Amino acid sequence: MLKSPESSGPATPDLSGVVRHNAPVVLIAVLFVAYGVWQSRILGFSLPTPTDYVLAVRTLLTFCAALILALFGLELVKVRPKSPFAHFKIWAREQRLSHRVWFVAPAFFALIFQSTTFGVLKSAIPLAHPFDLDPLFANIDAQIHGGDPWRLIQPIVGYPIISSALNLTYHLWFALVFFVALFVMGWLERPALRLQYLIAHSLCWILLGAFAATSLSSCGPVFYEHFYGDDRFVPLTTYLTEAGTQFPMPALEVQNALLHWAKTGGQGAGGGISAMPSMHLSIATLFALLGWSVSKRWGIAATVFLGLILIGSVHLGYHYAIDGYVSIVATSGIWWVCGVVARAYLARQAKAFATVPV
Numbered sequence: 127m128l129k130s131p132e133s134s135g136p137a138t139p140d141l142s143g144v145v146r147h148n149a150p151v152v153l154i155a156v157l158f159v160a161y162g163v164w165q166s167r168i169l170g171f172s173l174p175t176p177t178d179y180v181l182a183v184r185t186l187l188t189f190c191a192a193l194i195l196a197l198f199g200l201e202l203v204k205v206r207p208k209s210p211f212a213h214f215k216i217w218a219r220e221q222r223l224s225h226r227v228w229f230v231a232p233a234f235f236a237l238i239f240q241s242t243t244f245g246v247l248k249s250a251i252p253l254a255h256p257f258d259l260d261p262l263f264a265n266i267d268a269q270i271h272g273g274d275p276w277r278l279i280q281p282i283v284g285y286p287i288i289s290s291a292l293n294l295t296y297h298l299w300f301a302l303v304f305f306v307a308l309f310v311m312g313w314l315e316r317p318a319l320r321l322q323y324l325i326a327h328s329l330c331w332i333l334l335g336a337f338a339a340t341s342l343s344s345c346g347p348v349f350y351e352h353f354y355g356d357d358r359f360v361p362l363t364t365y366l367t368e369a370g371t372q373f374p375m376p377a378l379e380v381q382n383a384l385l386h387w388a389k390t391g392g393q394g395a396g397g398g399i400s401a402m403p404s405m406h407l408s409i410a411t412l413f414a415l416l417g418w419s420v421s422k423r424w425g426i427a428a429t430v431f432l433g434l435i436l437i438g439s440v441h442l443g444y445h446y447a448i449d450g451y452v453s454i455v456a457t458s459g460i461w462w463v464c465g466v467v468a469r470a471y472l473a474r475q476a477k478a479f480a481t482v483p484v
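Each residue of the sequence shown is one higher than the one before, counting from 127 in our numbering.
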């Protein structure tokens, strides 16, 4: 685990400490789930089923196990013990793994309920606001850049092998969303940064991915022809299809699945279409902001990743460039506000309880 002068190390979290450090995140999730229930009654869509929650728990537990194994793998490379299994007990005790799990639990289940609720709300966006803003966004994009952005970067990235690499990087984002969130949940050494990230993570999904996405309802370039009957982006989709015959392009399968869901009225996590604002860019921006808060090295790496996601979002036809610009600016604002809130909240709790156990 990363060390920091913010804390000398993870002490055993008592119940009050666990509650106080996770209360804002849990409260946000509860309010969002209540909002989801209200919206389901107004718009007439189905809420997540118990099976959906079980699947979410199983998925996150898999990521938890993978994260622990990855961190322990780094320990093995560094220490090279004679018996990895025996050393795991030592490592787990040194890292206070059981205490971290206890500390993570409230945020873990808050993430499950919030993300599962978000999945059905996103798929219900067309029920609240049918797609109608794509022509406006596409025209603004072209005016800002002197032409459709995908055409401007095509001479640089318009090679099947590069498109495939961008596609794989773009889809790596899905795993990083969970890995980073889970890591930060257990990051007892940086309580203020931990809380700042978790609150910002929740609010980005809610404010940008749910509220803003509904108000700015749009489908994105790759679905432009289907929803508007306009062939403006057909050259891009044609290129992507041709590239997929030469190198792996999983985006094509995802886009076909999303379109099928849209045609059949499917609901659930991963099934909704939404372009503005881009959650890929929003969460990638959070990665960068978190990285710079840790070190220059992590900041540079996360910023490079952010740049690749921005390029990939346009090149793969998921988003207009301005979708990403709006997300970057809005997420940066949310991050700053959440930092102020997190530090003030923890300072107040420390004053009320004399110390803030972590």
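We put the beta carbon where it would ideally sit given N, CA and C, even for glycine. Because the structure is a prediction, the values reported are computed rather than measured.
Looking only at its own chain, which residues have a Cβ that is under 8 Å from the Cβ of P131, when we skip the five neighbours before and after it?
Since pLDDT at P131 reaches only 42, below the 50 mark, its modelled position is unreliable, and the value read off the structure follows with that caveat. Correct list: empty, nothing qualifies.
Taking the alpha helix (DSSP H) that H445 falls in, what are its first and last residues?
Where H445 is concerned, there is no enclosing alpha helix (DSSP H), given that its DSSP letter is neither H nor E.
In or out: A557 buried (at least 16 other Cβ within 10 Å) or exposed?
Here the chain covers residues 127 to 484 and nothing more, so residue 557 does not appear.
Could one say the Cβ of L407 lies closer than 8 Å to chain C's Cβ atoms, at least one of them?
Of the protein chains in the structure, only one exists, and it is not chain C.
Unbroken alpha helix (DSSP H) run spanning C190, endpoints
P176 to V205
When burial is assigned at 16 or more other CB atoms within 10 Å of the CB, is K248 buried or exposed?
Per the 10 Å Cβ criterion, buried.
Determine the burial state of R206: buried for a count of at least 16 other Cβ atoms within 10 Å of its Cβ, exposed for fewer.
exposed
Short of 6 Å in beta carbon distance, which residues of its chain neighbour A428, apart from the five on each side in sequence? Order them along the chain.
Same-chain partners within the cutoff: F413, A414 and G417.
Helix, strand or coil, according to DSSP, for V230 in the structure here?
helix
Would you call I332 buried or exposed, if buried means 16 or more other Cβ atoms sit within 10 Å of its Cβ?
Counting the other CB atoms within 10 Å of its CB gives I332 a total of 16 or more, which places it among the buried residues.
Taking the CB atoms as reference points, tell me whether G447 and R358 lie closer together than 8 Å.
The residue asked about is misnamed: residue 447 is Ala in this sequence, not Gly. No, Cβ-Cβ distance for A447 and R358 is not below 8 Å.
Would you report the Cα separation of G306 and T188, rounded to the nearest angstrom?
The amino acid at residue 306 is misidentified as Gly; the sequence shows Val. Computed Cα separation, rounded: 14 Å.
For a test of the three-state rule: what should DSSP assign to K389, helix, strand or coil?
helix
Comparing C-alpha positions only, which one of W461, Y285 and D449 sits nearest to A318?
W461
Length of the line joining the Cα atoms of A470 and T390:
Distance between the alpha carbons of A470 and T390 is about 47 Å.
DSSP three-state label for K248, please.
helix
Give me the Cα-Cα distance between V452 and M402, rounded to the nearest whole angstrom.
8 Å
Helix, strand or coil at F257 [DSSP, three-state]:
coil
Distance between A369 and A468 (C-alpha atoms, nearest Å)
About 46 Å.
Taking the CB atoms as reference points, tell me whether L153 and I238 lie closer together than 8 Å.
no
Euclidean distance between Cα positions of P275 and D267:
Roughly 7 Å separates the two Cα atoms.
If you draw a straight line from the C-alpha of L321 to the C-alpha of T364, how long is it?
44 Å
Return helix, strand or coil for K208, following the three-state DSSP convention.
coil
Quick one: give me the first and last residue of the alpha helix (DSSP H) that E368 is part of.
V360 to A369
According to DSSP, is C345 part of a helix, a strand, or is it coil?
In the structure shown, C345 sits in coil (DSSP, three-state: anything other than H, G, I, E or B).
Counting along the chain, where does the alpha helix (DSSP H) carrying P317 start and finish?
P317 to L329
Starting from the Cα of V466, find the closest Cα among G170, A233, Q240 and I325 and give me that residue.
I325
Where the alpha helix (DSSP H) through F305 begins and ends
Counting along the chain, the unbroken alpha helix (DSSP H) around F305 starts and ends at P286 to M311.
Apart from the five residues just before and just after H297, which ones in its own chain have a Cβ nearer than 7 Å to its Cβ?
P376
L472 versus H147 - alpha carbon distance:
8 Å
Quick check on G355: does DSSP put it in helix, strand or coil?
Note: G355 maps to coil in three-state DSSP.
If you follow the alpha helix (DSSP H) that L407 is in, where does it begin and where does it stop?
Segment M405 to V420, the alpha helix (DSSP H) holding L407.
Let me know the secondary structure DSSP gives P374 once reduced to three states.
coil
From what residue to what residue does the alpha helix (DSSP H) around L141 run?
L141 to L169
Does the beta-carbon distance from S289 to L366 come in below 8 Å?
yes
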